[in-house]
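2 protein chains.
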Amino acid sequence: MITGKNIIGFADVAEGTDVLRAYNPVSNTALPETFTIATAAEVNLAVDKATAAFQVYRLSSPEERAVFLETIAAEILGLGDVLLERAVAESGLPLGRITGERMRTVSQLKLFASVLREGSWVEAVIDPAQPDRTPLPRADIRKMLVPLGPVLVFPASNFPLAFSTAGGDTASALAAGNPVIVKAHESHPGTNELVALAIQKAAKQCGMPDGVFSSLSGTGPAIGQQLVKHHGIKAIGFTGSFKVGTAIFDAVTQRPEPIPVYAEMSSINPVLLLPAKLAAAADSVAKQYAQSITLGAGQFCTNPGLLIALADEATTQFATTLQQELSAIPAITMLNPGICYHYYENREQLSRRKGVETLYAGGAEREATKGSPALYRVSAQHFISNTELQQEVFGPTSLLVVCNNEAELQAVIAQLHGQLTGTIMAEDADLTRFSGAITALSEKVGRIILNNVPTGVEVCYAMQHGGPFPATTDIRSTSVGASAIVRFARPLCYQDWPAHLLPAALKDENPLGIWRRIDGQLTKDAVRK
Amino acid sequence: MITGKNIIGFADVAEGTDVLRAYNPVSNTALPETFTIATAAEVNLAVDKATAAFQVYRLSSPEERAVFLETIAAEILGLGDVLLERAVAESGLPLGRITGERMRTVSQLKLFASVLREGSWVEAVIDPAQPDRTPLPRADIRKMLVPLGPVLVFPASNFPLAFSTAGGDTASALAAGNPVIVKAHESHPGTNELVALAIQKAAKQCGMPDGVFSSLSGTGPAIGQQLVKHHGIKAIGFTGSFKVGTAIFDAVTQRPEPIPVYAEMSSINPVLLLPAKLAAAADSVAKQYAQSITLGAGQFCTNPGLLIALADEATTQFATTLQQELSAIPAITMLNPGICYHYYENREQLSRRKGVETLYAGGAEREATKGSPALYRVSAQHFISNTELQQEVFGPTSLLVVCNNEAELQAVIAQLHGQLTGTIMAEDADLTRFSGAITALSEKVGRIILNNVPTGVEVCYAMQHGGPFPATTDIRSTSVGASAIVRFARPLCYQDWPAHLLPAALKDENPLGIWRRIDGQLTKDAVRK
């Protein structure tokens with residue numbers, strides 16, 4: 004049962020008078036339930052509760068937090084079809100995709116549970132005392148990562164489960180020991196409520212403090228900005244558009260106290276189509292990319308929006324086949340009318356820019372909230388002279404940049420903005436011949452891929468889902484994979500601290516059995532006295 | 004021989020017409036040599052050279068960079084007495100202190116050389132391909148830290164060697180594979196030139212690229228701001244005042260592309276003097292702190308500027324002894340007339356704030372550029388109601404906050420700004436009774452110390468020299484110790500990358516013999532095929 008209330012710790016609150024409703028992009032109708040927008044007082048209450056909860060939650064053991072995350076996963080699964088149906092209704096995504104995304108959400112929670120049990124993510128470092136050192140004795144110095152405090156999470160529209168209420172940001176922030184406040188995404192408030200209640204239930208069941216998790220409904224400019232500027236918020240995770248991401252980032256610069264902002268925003272994920280590869284496999288690469296460009300109506304942060312190739316016959320062949328393939332792919336439902344509207348606006352704007360040629364553009368099915376594929380072509384010269392051609396068109400559109408020679412190709416890469424991914428489609432001969440271009444591209448991206456598509460982000464230890472600006476606001480971080488946990492922690496150093504007061508991770512006997520760096524060497528041994 | 008030129012890669016350049024000179028605070032005279040301020044064109048040249056050098060330097064092996072750092076250390080030692088004498092003349096610091104600081108500078112360079120040889124700082128993570136996984140195969144995914152690009156370093160006034168031209172920021176940035184541009188500190192331009200030339204010589208000797216290191220003279224508002232805003236600069240290290248640090252931080256927010264800024268700024272390093280400890284040892288603690296407060300004329304970032312105690316007889320006794328001890332310590336030369344001027348201005352401003360009582364204030368020896376000790380007292384109530392009492396007085400001054408009860412003591416701690424260090428002076432009984440206050444203080448600091456003084460920062464693996472704002476602009480970082488290296492790196496992920504093109508740290512056979520995380524487990528093993 005959807006209540007439409009804000010979930011503030013263990014309380015469900017709805018004192019406000021303004022409401023919002025979800026929209027079903029398939030039926031093109033508003034859904035019946037109303038969601039009460041949080042009042043300014045409710046926003047403050049959520050932060051106050053999170054601040055108080057932090058004092059308790061930060062002291063929870065890794066095992067307790069692991070069980071909490073697993074319980075959240077179980078509660079989400081326990082919602083059964085109700086959750087799946089609601090997420091489908093609010094996103095227009097097919098049931099199969101949502102079912103897969105639920106599995107991913109659950110897997111992420113379990114991944115962080117295993118990261119907690121393995122335990123070495125805290126980067127425990129111990130330099131034992133050297134009382135006899137000359138000329139001065141050395142104190143006993145130990146440090147480890149500790150949580151930051153209440154974390155604000157802005158979920159993404161395009162992953163109503165895996166990048167949302169209990170998504171990667173929430174899971175990693177909770178894992179690190181921080182309370183979380185979610186500013187519910189306006190596109191899927193019902194999905195949000197169901198998951199938020201699952202988290203609330205898990206928190207109670209696991210004896211977690213009131214306020215370890217809250218979820219607030221409202222708009223970004225109101226609730227979002229109030230939260231961003233609140234002194235109780237100690238870090239922010241965001242996934243969404245460049246416009247909103249930079250608005251959050253800019254608002255943070257107005258705070259007296261700067262805090263980490265992990266905004267994952269805008270990426271067109273360039274693909275370097277090298278000549279030997281295209282000569283050998285223009286058609287199959289084109290078919291592969293037609294699928295990648297249109298997957299999920301192109302609504303992935305890693306969607307390949309830019310294809311870069313040399314002007315030759317194979318590239319012409321590639322373009323022809325890609326165009327044919329895309330024209331055979333029907334328009335599919337996009338996440339919401341706003342995204343659909345902007346998709347067609349941005350794609351038309353792109354098509355009108357100087358030197359841009361439309362190779363294919365499916366009909367604009369705005370009323371049906373469906374996105375049709377499109378492919379555009381531009382010369383390297385035009386691309387280089389107009390950085391607006393790099394503006395992301397969120398949806399199933401790609402721009403092919405044709406370079407007359409290697410120098411132009413180098414110049415195109417030199418001009419690129421920061422990206423989540425870069426892909427090289429290459430034969431061995433290409434790798435040698437274009438090694439400079441490949442190196443240059445790797446400097447622009449967080450993840451460099453050989454002979455595959457960038458869509459599909461594996462949730463694993465080695466994943467890097469981040470990159471230079473404007474892909475993210477923090478080049479040092481990943482929002483997917485095990486390393487995401489360190490975003491919400493900071494080192495704290497204990498000097499000459501008494502054994503009984505040291506955190507378990509830093510005690511001599513290593514009761515957690517974790518990897519630690521002692522006198523510069525990684526070991527699971529106890530500290531020798 | 005001092006030339007007064009800017010060191011731009013392998014060229015010594017002085018096209019400008021404006022000059023600056025160093026000042027000897029002991030003799031109170033300007034030193035004869037002039038240093039030519041870099042022109043805007045020279046600033047751009049330095050960044051262009053650094054950008055070009057990055058393409059080569061980033062590919063250098065850990066061993067090559069280790070040898071480079073060791074060669075810099077040897078060249079610095081090779082400067083002999085010329086360097087020591089110049090640093091003494093430009094800082095007013097005693098020869099013994101400068102000699103010790105030179106050793107620390109050399110040790111830091113060697114520490115990063117050993118970090119490079121141990122090699123695991125790159126955080127290599129490997130998730131090998133799982134071609135047979137269902138429903139979808141897993142790609143081969145590997146990541147490691149790679150350098151960011153040209154790093155801008157603003158040296159500190161108070162460590163003309165160890166936090167300066169070849170100090171911790173430069174050493175860690177070079178170690179991570181980044182070219183460095185130093186904006187020479189105006190207080191010690193001669194020391195800077197000598198060290199810059201040593202680095203230049205080492206770079207040539209080690210076959211490093213032209214532009215791997217540059218040093219530019221000029222003022223912060225001109226040269227500094229031009230550098231901060233230059234798109235070629237990819238990270239900034241700064242040590243200095245809150246005013247200059249936040250000016251740099253604010254300027255960075257004006258850049259189109261945000262970059263990491265590690266500004267270590269303002270900290271008054273609170274000391275919690277707990278009652279059982281003072282009852283047992285008021286006099287010896289007072290004597291210990293008199294030394295710590297006045298060490299190096301109080302010109303340390305970890306100088307204890309705030310003492311917090313309960314109102315009782317032992318605290319009165321402590322204050323009396325501290326006052327006596329301080330009155331027996333003569334004024335000593337400060338780093339430069341500007342610091343000395345601000346010291347007395349700030350101390351007098353503090354003394355005039357509401358509720359502040361002067362317990363001791365040595366004579367203001369402004370003309371002699373000498374800083375005399377001072378001790379002030381204020382009630383918790385006044386302290387809590389006026390955050391201006393937390394403004395750093397850089398020099399040998401401390402403020403004693405007297406709390407009527409534990410609740411006031413808690414409120415004082417709750418009110419504290421972020422700090423580099425916090426110290427607890429306590430007996431076992433205090434630790435139990437004040438556990439809440441101790442926890443609260445630990446949340447405000449980067450390093451928490453038991454029964455010692457905060458001055459003296461060990462250069463080791465476990466050191467954390469950082470903390471919540473305004474102590475630094477990035478709570479996640481340390482500017483001292485081995486971990487400082489990761490500030491200047493970012494993760495890069497390679498997906499399905501061919502073995503022969505993978506960096507050595509990520510190759511199957513682990514040719515560097517480093518610790519890596521394979522399928523989530525730390526190991527030095529090769530990847531099993």
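If you read the protein sequences in the order shown, they are chains A and B.
Each residue of the first sequence is one higher than the one before, counting from 4 in the working numbering.
Each residue of the second sequence is one higher than the one before, counting from 4 in the working numbering.
We put the beta carbon where it would ideally sit given N, CA and C, even for glycine.
On a predicted model such as this, the values are computed, not experimentally measured, just so you know.
Where Arg-479/B sits in the DSSP three-state scheme: Position 476 of the second sequence, counted from the first residue, corresponds to residue 479/B. In the structure shown, Arg-479/B falls within a coil segment according to DSSP collapsed to helix, strand and coil.
Start and end residues, alpha helix (DSSP H) containing Ile-202/A: The sequence position of residue 202/A within the first sequence is 199, counting from 1. Residues 192-208.
Chain A contacts made by the segment 47-65 of chain B, where a contact means CB separation under 7 angstroms: Residues passing the 7 angstroms Cβ filter: none.
Nearest candidate by alpha-carbon position, reference Arg-105/A, set Ile-451/A, Val-125/A, Met-268/A and Gly-81/A: On the first sequence, position 102 is the one that residue 105/A refers to. For Arg-105/A, the nearest C-alpha among the options comes from Gly-81/A.
Residues near Ala-176/B in its chain [Cβ-Cβ closer than 6 angstroms; skip 5 each side]: Locating residue 176/B in the second sequence gives position 173, counting from the first residue. So the list reads Val-154, Val-183 and Phe-491, once near-sequence residues are dropped.
Close beta carbons around Thr-74/B, own chain, < 7 angstroms, minus the five adjacent residues each side: Looking up residue 74/B in the second sequence gives position 71. Excluding residues within five positions, the ones whose Cβ falls inside 7 angstroms are Ala-205, Gln-208 and Cys-209.
Best match in Pro-340/A, Ile-332/A and Lys-280/A for proximity to Ala-312/A [C-alpha to C-alpha]: Position 309 of the first sequence, counting from 1, holds the residue named residue 312/A. Nearest C-alpha to Ala-312/A: Lys-280/A.
Listed by chain order, chain B residues near Ile-101/A by CB distance under 9 angstroms: The sequence position of residue 101/A within the first sequence is 98, counting from 1. Residues of chain B passing the Cβ test: none, with the nearest at roughly 16 angstroms.
Contacts of Gln-467/B in chain A (Cβ-Cβ under 8 angstroms): Start at 1 with the first residue of the second sequence, and residue 467/B comes out as number 464. Result: Lys-146, Pro-494, Leu-495 and Cys-496.
Closer than 9 angstroms at the beta carbon, the chain A residues around Cys-304/B: Counting from one through the second sequence, the residue named residue 304/B turns up at place 301. Residues of chain A passing the Cβ test: none, with the nearest at roughly 14 angstroms.
Thr-39/B - DSSP class collapsed to helix/strand/coil: Position 36 of the second sequence, counted from the start, is the residue given in the question as residue 39/B. Thr-39/B: strand per DSSP, three-state reduction.
Short CB-CB distance (under 8 angstroms) between Glu-454/A and chain B: Residue mapping note: residue 454/A aligns to position 451 of the first sequence, counting from 1. For clarity, residue 454/A is Asn in the given sequence; the question names Glu instead. Chain B contact via Cβ: present.
Beta-carbon gap between Leu-423/A and Pro-273/A smaller than 8 angstroms: Here residue 423/A refers to the residue found at position 420 when the first sequence is read from its first residue. Here residue 273/A refers to the residue found at position 270 when the first sequence is read from its first residue. No.
Top-ranked residue by Cα proximity to Ala-300/A, from Ile-79/A, Thr-458/A and Asn-389/A: Position 297 of the first sequence, counted from the first residue, corresponds to residue 300/A. Nearest of Ile-79/A, Thr-458/A and Asn-389/A to Ala-300/A, Cα basis: Thr-458/A.
8 angstroms Cβ cutoff, Trp-518/A in contact with chain B: Here residue 518/A corresponds to residue number 515 of the first sequence, with the count starting at 1. So yes, Trp-518/A belongs to the interface.
Sufficient close CB pairs (3 or more, under 8 angstroms) joining the segment 313-321 of chain B to the segment 335-349 of chain B: no
Span of the alpha helix (DSSP H) around Phe-245/A: The residue given as residue 245/A occupies position 242 in the first sequence. From DSSP, the alpha helix (DSSP H) with Phe-245/A extends over 245-256.
Closer than 8 angstroms to chain A by CB, Glu-409/B: One-based indexing of the second sequence puts residue 409/B at position 406. No, no contact with chain A.
Buried versus exposed, by CB contacts within 10 Å (16 or more), Arg-450/A: On the first sequence, residue 450/A is found 447 positions in, with the first residue counted as 1. When all chains shown are included, Arg-450/A counts as buried.
Run of the beta strand (DSSP E) containing Cys-3/B, from where it starts to where it stops: Because chain B spans 4 through 532 in this model, residue 3/B falls outside it and cannot be assessed.
7 angstroms Cβ cut-off: residues of chain A touching Trp-124/B: Looking up residue 124/B in the second sequence gives position 121. Per Cβ cutoff of 7 angstroms: no residues; Trp-124/B is ~10 angstroms from chain A at best.
Run of the beta strand (DSSP E) containing Ser-217/B, from where it starts to where it stops: What you label residue 217/B is simply residue 214 of the second sequence in a count that begins at 1. It spans 216-219 - the beta strand (DSSP E) in which Ser-217/B sits, taken as one unbroken run.
Secondary structure of Arg-107/B, DSSP reduced to three states: Taking the first residue of the second sequence as position 1, residue 107/B is located at position 104. Three-state DSSP puts Arg-107/B in a helix.
Buried versus exposed call for Tyr-379/A [16 or more other C-beta atoms within 10 Å across all chains shown]: Stepping through the first sequence from its first residue, residue 379/A is reached at position 376. By the neighbour-count rule (16 or more Cβ atoms within 10 Å), Tyr-379/A is buried.
Whole-Å CB distance - Ser-217/A paired with Gly-12/A, under 8 angstroms assumed: Residue numbering aside, residue 217/A sits at position 214 when the first sequence is read from its first letter. Residue numbering aside, residue 12/A sits at position 9 when the first sequence is read from its first letter. Contact between Ser-217/A and Gly-12/A holds, since their C-beta atoms are separated by about 6 angstroms, short of 8 angstroms.
Nearest-angstrom Cα separation, counted from Lys-232/A out to Glu-409/A: Along the first sequence, one-based indexing puts residue 409/A at 406. Along the first sequence, one-based indexing puts residue 232/A at 229. Roughly 48 angstroms separates the two Cα atoms.
Contacting positions in the segment 68-87 of chain A - beta carbon closer than 7 angstroms to chain B: none
CB contact check: Gly-523/A to chain B, cutoff 8 angstroms: If you number the first sequence from 1, residue 523/A lands on position 520. For Gly-523/A, the answer is yes, since a Cβ of chain B falls inside 8 angstroms of its Cβ.
Neighbour-count burial assignment, Leu-275/B, 16 or more Cβ in a 10 Å radius: By one-based count along the second sequence, residue 275/B stands at place 272. Buried, since its Cβ has 16 or more Cβ neighbours within 10 Å.
As assigned by DSSP and simplified to three states, the class of Thr-242/A: Your numbering for residue 242/A matches position 239 in the first sequence. In this structure, Thr-242/A counts as strand in the three-state DSSP scheme.
Host beta strand (DSSP E) of Leu-423/B (start-end): Here residue 423/B is taken as the residue at index 420 of the second sequence, counted from 1. Run containing Leu-423/B: 422-428, per the beta strand (DSSP E) assignment.
Alpha carbon of Trp-425/A to alpha carbon of Val-288/B, nearest angstrom: Taking the first residue of the first sequence as 1, we reach residue 425/A at position 422. Taking the first residue of the second sequence as 1, we reach residue 288/B at position 285. Just to set this straight, residue 425/A is Gly in the shown sequence, not Trp. About 60 angstroms.
Members of the segment 426-442 of chain B that neighbour chain A once the beta carbon cut-off is set at 7 angstroms: Correct list: Leu-434.
Interface residues of chain A facing Ser-330/B [CB-CB closer than 9 angstroms]: The residue labelled residue 330/B in the question sits at position 327 within the second sequence. None at all; the shortest Cβ gap to chain A is about 27 angstroms.
For Trp-518/B and Lys-2/B, believed in contact at Cβ under 8 angstroms, the rounded distance: The structure shown does not extend to residue 2/B, since chain B is modelled only from 4 through 532, so no value can be given for it.
CB contact below 8 angstroms: Arg-479/A versus chain B: Position 476 of the first sequence, counted from the start, is the residue given in the question as residue 479/A. The C-beta of Arg-479/A comes closer than 8 angstroms to at least one C-beta of chain B.
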